[in-house]
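Single-structure report; data block below.
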Amino acid sequence: MLLKSLWRRSRQQSGKSGDKGFRLRDHLTYTGDYHLERLSKLLELRYQRKFPWDSDDSIRDMIHFASRVQDQDIQRELLLFYLNCSPAVQEYLRSGGIVDASHYIHNPNHNGDGSD
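According to this note's numbering, the stretch in the sequence shown is residues -15 to 100, in order.
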């Protein structure tokens, strides 16, 4: 019951405040945080790109960069991060212009075989 009320409250806040007021760090779960950390390490090891965790802007930049990279391991971590986020964060990532527009998160009906 508590989780349901927290989810409703986060949905209401995300709907009222728009992109500017949405604080990504406030909505991350422990598991989402874990996959974000793994994503950060992969990007640093493979592309020498460091993304500090001190602000939402840095996290948004990391997610945007990762969504454009054609690397299977990075895409797997990005998807695991996405799947382990709250519905409010998932909606924010899909509609906030953070994830690249051609990324499969934006196209959930795309089958990967050329047909939609």
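Beta carbons: idealized from backbone N, C-alpha and C, even for Gly.
Counting the other CB atoms within 10 Å of its CB gives residue 67 a total below 16, which places it among the exposed residues.
For residue 50, the closest C-alpha among the options 32, 83, 16 is that of 83. For residue 45, the enclosing alpha helix (DSSP H) begins and ends at 40 to 52. Contact between residue 26 and residue 58 holds: their C-beta atoms lie close to 5 Å from each other, under 8 Å.
The beta carbons of residue 72 and residue 11 sit about 6 Å from each other, so the pair counts as a contact at 8 Å.
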